[in-house]
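J.: Before I ask anything, here is the structure I am working with.
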Amino acid sequence: MYLATVFTGLLVIVVLVVYWLRSRKNLSKPRICILVLGDIGRSPRMQYHALSCAKAGYHVDLVGFGGSSPIKELAESENVTINTLPEFPEFFRGLPRLLFYVTKAIIQFLQLFVMLLCCGSQCTHILVQNPPAIPSLAAAWFISLLCGSKFVIDWHNYGFTILALGVKNPQHPLVKIAKWYEFFFGSMSSSNLCVTQAMKKDLWEHWGIRAHTLYDRPPSRFHEMDISTRHKLFQNLSNEYEVFGATESPSHYKKDVDSMTAFTLQLNDGRILNRQHRSALVVSSTSWTEDEDFSILLDSLEAYEKFISEDHEALPSLVCAITGKGPLKEYYQTMINKKSFKHVKICTPWLEPEDYPRLLGSADLGVCLHKSSSGLDLPMKVVDMFGCGLPVCAIHFECLHELVKHEENGLIFHDSTELAQQLTKLFRASP
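Quick look at the structure:
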């Protein structure tokens, strides 16, 4: 009898909350909630969604974790409210793996429930990035049900395929549960976006989910940089990363030189020039996860070094900047530190949002090692590189042809040998 009374009371409370939330909607001021269960500053597509909605007249509640700074235009927009989630408590990380996963899912669900209840109650739509799917899809669906909002999913990839990489077993029980969960709540959505035609086809044929393909496009801040911007960028970066700085002082180089970087120099009369016989600048960006094997790039750089040292090829030295943060960065940093290059320098900077497009627009070549865990998504970093007019070498996977067409708008390689050959071909003449 007691349990029945408690259950009835809770049911009445839920009904009253639902009525109150729905009655609070003010449709004269349309609002949308955008949720990414990750670092907002490292989620460019969701930031661009937020900007687009803000410019279209919506007030946007952007929900996610802090850590990296969002792009300046987003942070300064009066139509965007950024709501940061608390980080998962560190002391839970000592739990056994299965118990840790369950505990994390429950705690994050409760965090999302409270946050979405507070900021999403007046929203007409709740747009969720997937992956990660657990527990964001369930939380967003539940709140959209309570508040009468449209539940929209933006499919970037499949979360269960990333989990399969992590546990190194696609048949693991956790992977099967995650797969069921992902497509159960995926089928509850009001509408869906996805990043490729291949994913659109897969969602419909295997899960009965209709989606609209929305290809990524580079924003206007991604463009080729003029030499003045490049010189200033290299000067700023050289304060923290010595590979961008000159190895000799301007006075020892030429008497009329005022300042120098590894790539540019400024004369006393103010003119800025490219340095003669300078190194070539290669850029790759990454989230340092299992779907990007950076040993391929390191092996190709070793082969490039050999071409110069043993075959006396007329090739420039290389500076390779690998940007980004992620779980495997320390692992690859250890590999990099063990290399003893003479003609190749590698650095792994973390850039401010405004400096990332500047670096791409100042480079000579972009390299993409993204290999989709599902084979159905596309690397946004290549879109950004194309926006900067940067030549791109990208590793092959199933649907890459939707973005990169070999020898038309880029080069596609399958292994380190092919990448080394492409580097040699592209840099045979000094940049």
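So the mapping is simple: my numbering equals the position in the sequence shown, first residue as 1, plus 188.
Cβ coordinates follow ideal geometry from the N, Cα and C atoms, glycine included.
Values in this document were obtained by computation on a predicted structure and should not be read as measured data.
Which one of Leu353, Ala326, Lys559 and Asp552 has the shortest CA to CA distance from Leu611?
T.: Checked all of Leu353, Ala326, Lys559 and Asp552; the closest Cα to Leu611 is Asp552.
J.: Could you give the DSSP three-state label for Phe195: helix, strand or coil?
T.: In this predicted model, Phe195 has a pLDDT of only 48, less than 50, meaning its place in the structure is not dependable enough to derive any value.
J.: Taking the DSSP output, what are the residues bridged to Val580?
T.: Its beta-bridge partners are Gly554.
J.: Using three-state DSSP, classify Met413 as helix, strand or coil.
T.: Note: Met413 maps to coil in three-state DSSP.
J.: Keeping to the same chain, check which residues put their C-beta closer than 6 Å to that of Ile415; ignore five residues upstream and five downstream.
T.: Once the five neighbours on either side are set aside, the close Cβ partners of Ile415 are Ile460.
J.: Going by DSSP, name the residue or residues bridged to His247.
T.: BP columns for His247 point to Arg219.
J.: Determine contact between the region 289–306 and the region 322–337, defined as no fewer than three beta-carbon pairs at a distance below 8 Å.
T.: With a cut-off of 8 Å, the region 322–337 and the region 289–306 count as touching, because enough Cβ pairs lie within range.
J.: Within 8 Å (strictly less), CB to CB, does Ile460 reach chain D?
T.: Structure shown: chain D not included; a single protein chain is present.
J.: Can you list, in chain order, the residues of its chain with a C-beta nearer than 8 Å to that of Thr622? Leave out the 5 residues immediately preceding and following it.
T.: Summary: the structure shown does not reach residue 622, with the chain confined to residues 189 through 619, and so no result is reported for it.
J.: DSSP beta-bridge partners for Lys533?
T.: Lys533 pairs with Val507.
J.: So, are the CB atoms of Leu557 and Asp481 less than 8 Å apart?
T.: Result yes, Cβ atoms of Leu557 and Asp481 sit closer than 8 Å.
J.: Should Gln317 and Val224 be called a contact, given that it needs their Cβ atoms to be closer than 8 Å?
T.: In this structure, Val224 lies closer than 8 Å to Gln317 by Cβ.
J.: Return the CA-CA distance between Gly282 and Leu503, expressed in angstroms with no decimal places.
T.: Cα-Cα distance, rounded: 50 Å.
J.: Please classify Arg230 as buried or exposed, where buried requires at least 16 neighbouring CB atoms within 10 angstroms.
T.: Classification of Arg230: buried, given that the 10 Å Cβ count is 16 or more.
J.: Taking all protein chains shown into account, decide if Phe195 is buried (16 or more other Cβ within 10 angstroms of its Cβ) or exposed.
T.: Unreliable positioning characterises Phe195 in this predicted model, as indicated by a pLDDT of 48, which lies under 50. A coordinate reading is not provided.
J.: Might you give, ordered along the chain, the residues of its own chain that have their beta carbon closer than 7 Å to the beta carbon of Ala238, omitting 5 neighbours on each side?
T.: For Ala238, where only same-chain residues beyond five positions count, the Cβ hits under 7 Å are Ile222, Val248, Leu250, Leu262 and Val268.
J.: Taking all protein chains shown into account, do 16 or more other C-beta atoms lie within 10 angstroms of the C-beta of Ser378, making it buried, or fewer, making it exposed?
T.: Ser378 is exposed by the Cβ-count criterion.
J.: Taking all protein chains shown into account, decide if Arg285 is buried (16 or more other Cβ within 10 angstroms of its Cβ) or exposed.
T.: Per the 10 Å Cβ criterion, exposed.
J.: Checking the sheet assignment: what are the DSSP bridge partners for Leu315?
T.: Note: Leu315 sits in a beta bridge opposite Ile222 and Val340.
J.: Straight-line CA distance for Tyr369 to Val340?
T.: If I take the Cα positions, the gap works out to 16 Å.
J.: Just reading off the beta strand (DSSP E) that Asn462 is part of, what are its end residues?
T.: Counting along the chain, the beta strand (DSSP E) containing Asn462 begins and ends at Ile460 to Asn462.
J.: Please list, in chain order, all residues of the same chain as Leu362 whose beta carbon is under 6 Å from its beta carbon, the five residues on each side excluded.
T.: Hits under 6 Å: none found.
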